[in-house]
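Take a look at the structure set out below.
There are 2 protein chains.
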Amino acid sequence: MKNLALMFLLFFIVSSLKAEDGHKLWLRNQNPKPVKIICSKQSATLDIAQQELKRGWQGTPGASIVLNIRNNKSIKGDGFILDTSMIQANTEIGILYGVFDLLRRQGTGESIDHIVSNPSYELRLLNHWDNLNGTIERGYAGRSIFWHNGKDSLKVTEKDKILWQEYARANASIGINGAVLNNVNASPQMMTEEILKRVKAIADVLRPYGIKTYLSINFSSPAVLGGLKTSDPFNSEVIKWWEAKVKEIYSLIPDFGGFLVKANSEGQPGPQDFGRTHADGANMLADALEPYGGIVMWRAFVYSPTSDDRAKQAYAEFMPLDGKFRDNVIIQVKNGPVDFQPREPFNPLFGAMKKTAIMPELQITQEYLGQSIHLVFLSTMWEEFLNSDTYQQGEGSTVARCTDGSIYHHKYTAIAGVSNIGLDTNWTGHHFAQANWYAFGRLAWDNKLSSNDIAEEWIKLTFSNQSGISDKNNIDWQVFFLYPVKQMMLQSRETAVNYMMPLGLHHIFAANHHYGPGPWWGPKNVRPDWTPPYYHQADTNGIGFDRTRNGSNAVSQYHEPLSSQYNDLNTCPEVYLLWFHHLPWDYKVQPKADQPLAEKSGRTLWEAICYHYENGLQQVREYQKLWDKEKPYIDEQRFSEVQSKLRRQCRDAQIWKDGCLLYFQQFSRQTIPYDIERPIYNLDELEKMDMSKI
Amino acid sequence: MKNLALMFLLFFIVSSLKAEDGHKLWLRNQNPKPVKIICSKQSATLDIAQQELKRGWQGTPGASIVLNIRNNKSIKGDGFILDTSMIQANTEIGILYGVFDLLRRQGTGESIDHIVSNPSYELRLLNHWDNLNGTIERGYAGRSIFWHNGKDSLKVTEKDKILWQEYARANASIGINGAVLNNVNASPQMMTEEILKRVKAIADVLRPYGIKTYLSINFSSPAVLGGLKTSDPFNSEVIKWWEAKVKEIYSLIPDFGGFLVKANSEGQPGPQDFGRTHADGANMLADALEPYGGIVMWRAFVYSPTSDDRAKQAYAEFMPLDGKFRDNVIIQVKNGPVDFQPREPFNPLFGAMKKTAIMPELQITQEYLGQSIHLVFLSTMWEEFLNSDTYQQGEGSTVARCTDGSIYHHKYTAIAGVSNIGLDTNWTGHHFAQANWYAFGRLAWDNKLSSNDIAEEWIKLTFSNQSGISDKNNIDWQVFFLYPVKQMMLQSRETAVNYMMPLGLHHIFAANHHYGPGPWWGPKNVRPDWTPPYYHQADTNGIGFDRTRNGSNAVSQYHEPLSSQYNDLNTCPEVYLLWFHHLPWDYKVQPKADQPLAEKSGRTLWEAICYHYENGLQQVREYQKLWDKEKPYIDEQRFSEVQSKLRRQCRDAQIWKDGCLLYFQQFSRQTIPYDIERPIYNLDELEKMDMSKI
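Protein chains in written order, with this note's numbering: chain A, 52 to 745; chain B, 52 to 745.
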């Protein structure tokens with residue numbers, strides 16, 4: 052009889068799981084209860100706030116809630132104070148944020164007891180690498196939601212507006228308040244009147260959700276588009292051209308946010324083409340924007356093909372310019388010194404530039420982390436980065452505190468994430484990639500949040516199937532779904548590091564697609580710093596990039612005690628070992644108790660590499676098993692779509708393992724330990740394989 | 052110091068392993084010692100015998116050996132008596148066989164103490180499915196050694212002759228004494244004068260090695276080639292045409308062996324096209340051949356597209372004809388009732404046709420067993436087949452005894468194997484596929500040999516690296532190489548059954564290539580008995596082909612007690628379960644202690660299927676590990692070529708497992724047990740995958 056009862060229960064659970072396509076993200080508004088709203092003001096934003104309360108109220112049915120715009124010293128910017136019956140804020144958008152926070156807490160079962168919530172960063176932006184032809188650079192979830200038809204059809208449709216509104220709502224629900232609508236590799240065409248008209252239409256939809264619109268600009272626009280002879284930032288015609296263009300933009304979009312600029316980087320034009328500095332270029336644009344309150348975000352992602360160490364260059368180029376930028380210029384710096392790798396130490400510019408505002412650029416789209424195929428929760432990587440201590444103003448000078456105004460006081464604080472969304476029904480290609488969009492927004496709002504809490508929130512909002520999460524019936528769901536899935540998410544980035552590039556290895560991807568392995572890839576006509584051998588430096592003596600004082604001396608860019616710590620093999624963290632050191636294959640790696648297969652003392656570097664790749668593969672297999680067991684708790688569509696992607700992730704983890712081990716084995720000339728599964732591919736097959744087409 | 056000594060020893064072993072490409076097969080003639088030969092007669096065959104002794108002598112240096120042709124009642128046919136100093140035989144070819152046996156024993160370290168060795172079958176043939184255009188049907192080791200240039204270049208070169216001689220020598224060394232030079236799907240062109248001239252050249256090379264030449268014929272040759280209006284075997288013009296053609300052949304090749312015929316089978320012409328029986332057709336040809344001592348091998352591989360059970364048809368068509376064939380006709384019957392599947396019960400014709408000579412047709416080429424990619428030692432399958440008890444003349448009426456003259460007395464006894472060789476340097480594509488050629492010859496000579504002994508012989512001859520196998524130094528080699536590799540070979544066919552089609556499943560291959568899985572494959576325009584669903588019969592109720600008395604009643608073709616044993620679920624061997632029974636997914640399979648993952652009592656059929664596929668995959672992984680450990684004992688080329696093939700075998704075992712489990716899961720609607728690794732492919736991907744091109 053017990054079994055029968057269990058079967059009925061299971062049947063009930065299963066049959067109540069409606070098909071979901073993921074389009075609703077974490078905002079699924081299941082069975083709202085009635086609520087009374089008291090609000091003395093009216094506006095587009097406040098209308099949205101009230102609408103959201105009605106769509107999603109999970110508190111006491113029929114309860115009252117007051118929306119109260121009133122200054123309060125404990126509230127900063129668009130922050131808010133929250134209670135079960137009241138939301139207070141300085142601004143209308145603060146009220147909307149309070150509403151979303153209240154609804155989230157109702158959805159997750161968190162307490163709502165005089166919460167004061169203020170944003171860590173004033174500007175919390177998504178960067179869209181969307182091209183005007185509708186494609187997205189490093190986008191893996193379909194075409195651009197802004198430019199999907201290309202330039203041929205710039206007409207704004209009702210469908211467009213609905214999608215943009217859904218986008219704005221999702222962003223507002225996690226506190227994102229800015230969007231750069233086009234690729235940093237920007238087309239000069241972006242500044243044409245017809246395009247700007249569509250930008251205006253987008254801005255109009257985003258505005259009531261508190262989202263400002265920004266654009267990436269091409270530095271040579273005055274010449275290419277304006278017909279001038281130069282784009283030299285010191286040229287008065289150029290200055291005038293930009294002033295006029297900015298004026299035109301603000302006439303269309305009075306709250307326009309400003310420009311994002313990739314200059315003198317990877318072939319993009321910039322002030323150095325005219326003998327000017329990055330500061331000269333940024334300041335010219337900043338001066339044009341200043342009257343309107345606009346800003347310039349100037350990217351520090353620059354490197355020359357001839358340098359001895361690409362990792363040193365942002366620091367080398369920008370440190371001498373510290374203090375030379377206008378106060379409405381922010382230098383946008385990628386988290387690591389190379390390029391969004393599965394693991395990098397933080398970029399040494401953080402904390403080092405003291406007189407200039409610095410904003411972190413994170414990458415939400417998984418360019419180097421399995422794209423929309425691998426389940427990789429990036430929050431732990433960002434947490435690791437934000438909590439990295441720069442020591443620039445003594446212990447505790449974390450990247451977070453160096454950038455959020457806690458230590459340095461500049462006009463603006465900001466953070467950007469390169470978006471992972473597109474026209475795919477579920478926005479992000481992989482259902483779990485939604486968690487990265489969510490986590491970026493949550494961390495931008497509160498950079499002290501833990502990945503554990505973010506994952507738990509997201510899972511509850513995205514997958515739970517009950518009106519009240521604290522119901523007794525949900526203990527089963529929490530034990531068998533929430534906790535294991537959360538553990539998988541929290542471990543998933545380390546897993547990717549294991550099967551892609553453990554122990555500080557980096558940038559060993561095949562060719563240009565940045566998906567599969569290619570440690571062997573290095574055609575003669577390609578600049579060395581775009582090829583993996585430049586980074587792994589494997590030879591019969593050993594492997595790793597020597598960035599110590601005996602090598603490229605990149606360690607010197609870090610503040611003590613980090614500089615010495617990274618320089619010294621005995622103190623360099625194992626996770627950065629081959630980032631900073633070139634080591635012999637027989638180098639003895641310290642045993643680590645938490646690596647299941649690597650508990651033996653006295654592992655050699657070669658063995659450690661082998662075990663990391665094997666562990667990565669085995670971990671993905673465990674995720675498959677875990678997910679298969681979750682079938683009763685998930686709707687069929689999302690279950691099988693994630694199942695299918697995990698299968699491919701497992702196949703590709705195997706390809707990573709086999710490719711890297713067989714390639715490096717040529718140099719190590721050592722056996723793969725026999726308690727590791729043997730490769731199932733031959734190296735020559737993998738070298739020929741085009742992973743972008745598998 | 053001990054380690055140092057060990058390193059030197061290893062270095063010595065490694066450096067002494069010369070590159071080998073496998074072309075020498077099991078005849079590697081390492082460092083022969085001098086020998087004195089006493090032989091009173093001279094002939095081409097005896098010259099070869101003496102040459103072989105000189106090339107390969109591993110006995111006492113300078114010892115004497117007598118080659119003695121003298122009748123002895125204990126010697127049958129081309130058998131021989133062997134001692135350390137004497138080889139005695141009735142025939143010259145018997146002397147040559149004795150020489151090869153002596154050299155083998157010297158190479159393997161077996162005793163040589165008054166051995167009497169007689170062949171089990173008088174005719175021991177290879178069937179080559181070689182086409183005149185140089186391709187080989189179901190050949191996976193390159194083009195035909197006989198027809199490689201096609202009809203455009205029939206000129207016999209010195210290179211041809213050397214290769215044919217090597218081929219003849221290899222065959223003679225294992226007792227093969229006949230070769231059918233062309234495909235059973237025969238071209239009428241085979242009977243043209245220009246082709247027959249090349250056949251004569253081949254026969255001239257093979258003759259001194261005791262190998263007779265045979266040809267497959269196309270039954271409609273009189274009409275197609277001779278221009279007659281019919282090929283009706285009762286037509287006097289047709290009879291005359293064949294008589295003349297046979298006379299022509301014998302004028303070129305006086306010891307020509309005879310014809311192999313595939314008639315009224317899979318689109319081939321035959322006597323039934325003219326309302327005649329198989330016996331009518333076979334006898335007409337037999338009469339033409341009889342004056343010259345030639346024979347007809349008439350294949351029983353016939354089946355009609357409309358029958359309810361293909362497995363029943365050979366028996367149904369041929370049993371009524373028992374006793375109606377000439378005594379120089381032999382019915383050639385494939386080992387199983389369907390078609391060379393990884394596992395079949397024996398064809399019920401064996402032992403059942405009492406008044407007609409029956410010869411087994413085995414398939415050495417691995418059409419359905421991984422082709423030249425999978426390591427599958429077929430000897431165990433043939434041993435299982437030969438030892439199958441038909442009960443036709445009481446207990447102990449094994450297939451071996453029913454066909455080798457022990458029970459029934461016909462003019463000829465014979466056995467045929469479909470060859471796996473081609474122009475590949477190592478003859479068979481996979482180095483281990485040489486073992487199947489070897490095992491076929493050895494079993495044809497002595498159908499009581501064990502696969503264990505055959506494997507051990509073959510490994511010693513093929514891989515050992517010392518002059519005397521019994522050297523003390525070889526204990527290491529025997530423990531760490533010979534025994535594990537032999538175990539792998541002996542287990543390998545069961546492994547393939549596990550990951551391809553366990554528990555009696557059969558013929559669930561994709562499309563026409565017979566390599567990868569295709570249980571789903573069944574286009575509407577293809578005859579049902581060429582599609583897997585005809586064979587597995589999977590539906591939501593269960594799986595398996597019901598051949599019981601309630602089903603197709605194929606069990607009735609077997610002699611009691613087999614018929615009842617197969618019919619009854621409680622006595623049907625588990626390995627034939629789904630061959631004879633359609634069973635529900637929840638059917639309880641008896642627990643088997645020797646299946647590592649399946650020790651739980653009360654496995655359901657679905658679970659048992661899952662564990663078999665998983666075990667198969669895990670076993671291939673173990674072979675990979677085992678082989679990798681053998682590196683110090685093998686030359687680099689053969690090591691890495693086998694290693695590479697094992698990798699592919701492992702990948703494809705995974706594809707088999709995933710494809711079959713995911714396909715059948717649609718019907719079973721049950722979970723794959725969680726202690727089994729999850730599939731890493733999606734079913735739709737596998738259905739689209741063309742395994743022949745992977």
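Here a beta-carbon is modelled for each residue, glycine too, at the ideal position from N, C-alpha and C.
Using a Cβ cut-off of 8 Å (strictly closer), state whether residue i contacts chain B.
i: K680 of chain A; result: yes
i: C623 of chain A; result: no
i: E692 of chain A; result: no
i: N733 of chain A; result: yes
i: Y725 of chain A; result: yes
i: C701 of chain A; result: yes
i: R689 of chain A; result: no
i: R672 of chain A; result: yes
i: S518 of chain A; result: Confidence in S518 of chain A is poor, its pLDDT being 48 and thus under 50, which makes the residue's placement unreliable; the coordinate value appears in the next sentence. So no, S518 of chain A is outside the interface.
With distances taken from CA atoms, which of the options is nearest residue i?
i: Q694 of chain A; options: A:Q443, A:I227 and A:E673; result: A:E673
i: P320 of chain A; options: A:I99, A:W581, A:M335 and A:S282; result: A:S282
i: T15 of chain B; options: B:R493, B:R452 and B:Y550; result: Summary: the structure shown does not reach residue 15 of chain B, with chain B confined to residues 52 through 745, and so no result is reported for it.
i: M242 of chain A; options: A:P305, A:R258, A:N269 and A:L634; result: A:N269
i: F483 of chain B; options: B:W678, B:W433 and B:P112; result: B:W678
i: R106 of chain B; options: B:N618, B:P85, B:Q721 and B:Y609; result: B:P85
i: Y638 of chain B; options: B:L620, B:D255, B:P322 and B:T208; result: B:L620
i: N601 of chain B; options: B:L634, B:E658 and B:H663; result: B:L634
i: I138 of chain B; options: B:Y191, B:G128 and B:N119; result: B:N119
i: R189 of chain B; options: B:Q414, B:K708 and B:L628; result: B:Q414
i: P748 of chain B; options: B:L668, B:S615, B:K251 and B:P574; result: Since the first and last residues shown for chain B are 52 and 745, residue 748 of chain B lies out of range.
i: S162 of chain B; options: B:T135, B:S171, B:R175 and B:D181; result: B:T135
i: G749 of chain B; options: B:L628, B:E317 and B:N178; result: Here chain B comprises residues numbered 52 to 745, so residue 749 of chain B is not present and cannot be evaluated.
For the alpha helix (DSSP H) that residue i lies in, which residues bound it at each end?
i: L303 of chain B; result: S287 to L303
i: M348 of chain A; result: Here M348 of chain A belongs to no alpha helix (DSSP H); instead the beta strand (DSSP E) covers I346 to R350.
i: G492 of chain A; result: Q485 to W496
Does chain A have any CB closer than 8 Å to the CB of residue i?
i: S91 of chain B; result: no
i: A649 of chain B; result: Per-residue confidence for A649 of chain B stands at a pLDDT of 46, beneath the threshold of 50, marking its modelled position as unreliable; the derived number appears in the next sentence. A649 of chain B does not count as touching chain A.
i: S695 of chain B; result: yes
i: R698 of chain B; result: yes
Going by DSSP, what residue range makes up the beta strand (DSSP E) through residue i?
i: A408 of chain A; result: A408 to Q414
i: M539 of chain B; result: From DSSP, M539 of chain B is part of no beta strand (DSSP E) but of the alpha helix (DSSP H) over Y534 to M551.
i: S267 of chain A; result: K263 to I268
i: V86 of chain A; result: V86 to C90
Report the neighbours of residue i on chain D: residues whose CB is nearer than 9 Å to its CB, in chain order.
i: Q675 of chain B; result: The displayed structure is made up of protein chains A and B, and chain D is not among them.
Should residue i be counted as a contact of the ligand SAH given a C-beta to heavy atom distance under 7 Å?
i: E368 of chain B; result: Looking for the ligand SAH in the displayed structure turns up nothing, as the structure carries no ligands at all.
Practice prompt. Go through the stretch 366-393 of chain B residue by residue and report every complete run of the beta strand (DSSP E) that reaches 3 residues or more, in order.
Written response: Counting only runs of 3 or more, we get 380-385.
Between the stretch 377-391 of chain A and the stretch 337-356 of chain A, are three or more C-beta pairs nearer than 8 Å?
Contact between the stretch 377-391 of chain A and the stretch 337-356 of chain A is established, with three or more Cβ pairs separated by less than 8 Å.
Review point. Any contact of the stretch 200-212 of chain B with the stretch 497-513 of chain B, i.e. 3+ C-beta pairs under 8 Å?
Key: Contact between the stretch 200-212 of chain B and the stretch 497-513 of chain B is absent, because fewer than three Cβ pairs lie under 8 Å.
*Can you list, in chain order, the stretches of the alpha helix (DSSP H) that have 4 or more residues and sit fully within the stretch 703-734 of chain B?*
With a minimum length of 4 residues, no continuous alpha helix (DSSP H) run stays inside the stretch 703-734 of chain B.
Quick one: any contact between the stretch 120-130 of chain A and the stretch 72-85 of chain A, if contact means 3 or more CB pairs under 8 Å? With fewer than three CB-CB distances shorter than 8 Å, the stretch 120-130 of chain A does not count as touching the stretch 72-85 of chain A.
May I have a chain-ordered list of the beta strand (DSSP E) segments no shorter than 3 residues that lie completely inside the stretch 152-184 of chain B?
DSSP runs (the beta strand (DSSP E)) wholly in the stretch 152-184 of chain B: 166-168 and 174-178.
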